[in-house]
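If you're matching positions, the sequence shown starts at 74 in our numbering and goes up one per residue. Quick notes on the structure that follows.
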Amino acid sequence: MTNTNFSSWLDDMNLAHPLVIAGPCSAETEEQVLKIAHQLKETDTTVFRAGVWKPRTRPGNFEGHGVRALPWIAKVKEETGLLTTIEVANAEHAKLALEFDVDIIWIGARTTVNPFAIQELADALRGTEKIVLVKNPVNPDLALWLGGIERLHKAGIKNLGAIHRGFSSYKKTKFRNNPQWQIPIDLKNRFPSLPLICDPSHICGEREGIFDVCQVALDLKFDGLMIETHYDPDNAWSDAKQQITPQRLQEITEDLRVRKDRVEEKDAQKKLQKLRDEINILDKHLIELLSERMDVVEKIGQVKKEGNVAILQRTRWREVIKKMLELGEENDLSADFIEKIFKAIHQESIQHQENIFNS
Ligand code: PEP
Ligand code: MN
């Protein structure tokens, strides 16, 4: 993908801050939609969001008003001048979104997982000048996310962007949807011109963590934020726990620190260079140490081969990881990080020993 005009659109907007998309999880009533939009007009918000068709995990919950709510969204633009965005999940939704002249169309996480659904949307939106934002799939699969964006791009849709809303995991974590930041970073590395928006609301699943997730996103050079906002969050018809008021949204956007691309002052530049040199030396040590470790691993492999002993020794591995977790904690390294690193090292070690066995 060579270009996405959404990034030039963002440049032309000349915003003093990242793009802010805000509004309720669901369009509940005409009054609710308009009241929130008017309150957001007084904040840094540029785009008003509201779910019109709501993908609910279990049946029996509010599933959105559908087409009935589209005139309310049109009224938001008319009365406040805010741009508007809604979620579409099938060709009929897409057709209606275009008919009602919604400015930005977003594709939800539950749709991105399904190549049939994405292709249906790509065909329905073929050649549109509208901005289309693709949320990551619910599962941590970069290829599905890339594939969705590629299908839309192939259908001649040039104004593309991506929304990071975290990934669901069976294991309970402090997030509703784990951010796994490496995945959007990998996406950006594949499509450097693709703007990235972060949705801290669906990542956190509760209000408290929203500021911190926004700050991480900005530190990682995300281009915008999509934040669920309601004048009465506790009584929202969907996602009540994670919505914030327009007033709180404004506090958050004012308190966020927007990092510059480069350090400008000469002194700071020098300091940074010195620290980076230190990092380069440390990284080199890390590789040398890992290589030394593999030499020992291969020697162990040789002994195992001669003694006809299996490569994988589970009790030994459990001992290693237990000790490393303790050491990690003493050294302020998270258990998650230690586990990941040592699993990778262990995997590589097994590979080296297999080579010895096969030689
Ligand atoms: C939403 O933005 O309201 C929504 C349904 O999000 P997701 O597709 O990320 O679950
Ligand atoms: Mn929601």
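Ideal Cβ positions, reconstructed from N, Cα and C, are used throughout, including at glycine. These figures come from a predicted structure and were not determined experimentally.
Contact check, residue i vs residue j, beta carbons under 7 Å
i	j	result
V207	I222	yes
P268	S80	yes
I394	F415	yes
E160	W145	no
T38	K150	What is shown of the chain runs 74 to 432, which leaves residue 38 out entirely.
G278	Q316	no
G124	G139	no
G374	I300	no
G297	P91	yes
T130	A95	no
P213	Q255	no
T153	K203	no
T116	P273	no
G234	G200	no
I109	Y243	no
F121	L171	no
V175	L217	no
H425	E365	no
L293	V331	no
K231	N78	yes
F248	I276	yes
Q386	L329	no
A164	A197	yes
Residue i, enclosing alpha helix (DSSP H) - first and last residue
i	result
A341	K339 to G380
R224	L215 to K227
I180	Unbroken run through I180 is the beta strand (DSSP E), I177 to I180; no alpha helix (DSSP H).
V336	Looking at the DSSP string, V336 is not in any alpha helix (DSSP H), and its letter there is neither H nor E.
E165	A164 to E172
D117	No alpha helix (DSSP H) contains D117, which DSSP labels as neither H nor E.
S80	N78 to M86
F248	Where F248 is concerned, there is no enclosing alpha helix (DSSP H), given that its DSSP letter is neither H nor E.
L194	P188 to L198
T201	Segment: none, T201 is in no alpha helix (DSSP H) and carries neither H nor E.
I46	Outside the shown range of the chain, which is 74 to 432, sits residue 46, and nothing can be said about it.
P132	Per DSSP, P132 belongs to no alpha helix (DSSP H) and is neither H nor E.
L143	L143 to T153
Continuous beta strand (DSSP E) stretch holding residue i: start and end
i	result
L156	L156 to V161
G234	L233 to H237
G401	It is not in any beta strand (DSSP E) - G401 instead sits in the alpha helix (DSSP H) that spans R387 to E403.
Residues that residue i bridges to, as DSSP identifies them
i	result
R122	T158
K208	I236
V93	L298
S99	G124
Practice task
Could you name each continuous beta strand (DSSP E) segment of 3 residues or more that falls completely within the stretch 252-323, going from the start of the chain to the end?
Solution key: 269-271 and 297-301
Practice task
Under 5 Å from any heavy atom of ligand 2, by CB: list those residues in chain order, please.
Solution key: C98 and D312
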